[in-house]
Amino acid sequence: MPAEQLELKMAARNVNLWYGEKQALFDVNLDVFDRSVTALIGPSGCGKSTFLRCLDRMNDVIEGVRIKGDIRLDGEDIYAPRVDPVQLRARVGMVFQKPNPFPKSIFENVAYAPRIHGLARSKTDLEEIVVKSLQRAGLYEEVKDRLNEPGTGLSGGQQQRLCIARAISVNPEVLLMDEPCSALDPIATARIETLMDELKESLCMVIVTHSMQQAARVSQRTAFFHLGKLVEVDETSKMFTNPTDQRTQDYVTGRFG
Ligand code: ADP
Ligand code: MG
């Protein structure tokens, strides 16, 4: 989908990041749009996860990280002193590579965040949020009879959908996913991909994937990173068929990476 038909959600400008002395991101500029999936691709170690963590300020908690540049959510600087990173992460949720449910019940995994953010006025409210989140994550039917059983007892793919339910329970506007399928089998992967497709109807999504096939299947826009730089970003179909930069061409045709 051409960018001009989509609504700008987050904008990163001249983002530079250092781990101690080592610079990991160099002047990254990227716009991500509402109601669409942007895929970040590139060889291992090129800075995809690092950049993703800039979008919800997860790098703040890593010792020795220094960030320069400007990142906006709906035009607001997310690094401004008045922004509370915990509140920000309710608006910009994250799902990780390895499913990481809390060692608690399925219900509690999803209820935790809405409760601490004060989203439910009553027990009924909270139950409604949990059920709705599990439904949106395509997991409810499979777990409705065992909501009090541990989340860690589910299969890998179910655990990842539980983590997605947990992430969307606070109604984020942006959902970040860092290689969410890399620990899953092809069937579980297909379910998550279908889910991404459904969730993008109401969310801005940014996913990191090492699979170019996955980027091609699920994203509308693709950004190619190489050695900490964003080389090129465009409509996904163009990136895979007719990229502008030689490095993108080499990567998408499998010449390196
Ligand atoms: P990708 O997700 O594309 O594989 P990363 O963002 O994880 O790449 O890493 C980019 C670079 O930053 C790599 O050189 C990596 O070694 C380095 N890096 C990532 N995380 C840390 C960290 N916590 N401390 C120091 N260096 C890191
Ligand atoms: Mg990574």
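Residue numbers 29 to 285, in our numbering, belong to the letters of the sequence shown in order. Quick reminder that beta carbons are idealized off the backbone N, C-alpha and C, glycines included. This structure is a prediction, so every number in the text was calculated from the model and none was measured.
C-beta atoms of residue i and residue j nearer than 9 Å
i      : j      : result
GLU226 : ARG63  : no
ALA193 : ALA211 : no
GLY179 : ALA216 : no
LEU147 : LEU167 : no
CYS232 : VAL60  : yes
VAL111 : TRP46  : no
THR281 : GLU260 : no
ARG41  : ASP84  : no
ASN57  : GLN51  : no
ILE235 : ALA108 : no
TYR279 : GLY121 : no
Residue i Cβ short of 8 Å to the ligand MG heavy atom set
i      : result
SER183 : no
SER239 : no
ASP206 : yes
SER197 : no
LYS76  : yes
VAL56  : no
VAL236 : yes
Contact test: residue i Cβ vs the ligand ADP heavy atom, cutoff 8 Å
i      : result
ILE90  : yes
PHE124 : no
ALA52  : yes
SER210 : no
VAL71  : This sequence places Pro at residue 71; Val is not what is there. Yes - the ligand ADP has a heavy atom lying nearer than 8 Å to the Cβ of PRO71.
TYR47  : yes
PHE79  : yes
GLY21  : This structure cannot speak to residue 21, because the chain is shown only from 29 to 285.
PHE253 : yes
DSSP-derived helix/strand/coil call for residue i
i      : result
GLU207 : coil
CYS191 : helix
GLN277 : helix
TYR168 : helix
ASN87  : helix
PHE284 : coil
GLN33  : helix
SER265 : helix
SER77  : helix
PHE252 : strand
LYS228 : coil
PRO127 : coil
TYR47  : strand
LEU68  : strand
GLU201 : coil
GLU260 : strand
SER94  : The amino acid occupying residue 94 in the given sequence is Arg; Ser does not appear at that position. Correct three-state label for ARG94: strand.
Cutoff 9 Å: residue i Cβ touching any chain C Cβ
i     : result
LYS76 : Among the chains of the structure shown, chain C does not appear; only one protein chain is present.
Can you confirm whether the region 152 to 172 touches the region 98 to 109 when touching is taken to mean that 3 or more C-beta pairs between the two stretches lie within less than 8 Å? no
Do the region 195 to 214 and the region 74 to 88 make contact, defined as three or more Cβ pairs closer than 8 Å? yes
Is the region 242 to 261 touching the region 128 to 140 in the sense that three or more CB pairs, one from each, lie closer than 8 Å? no
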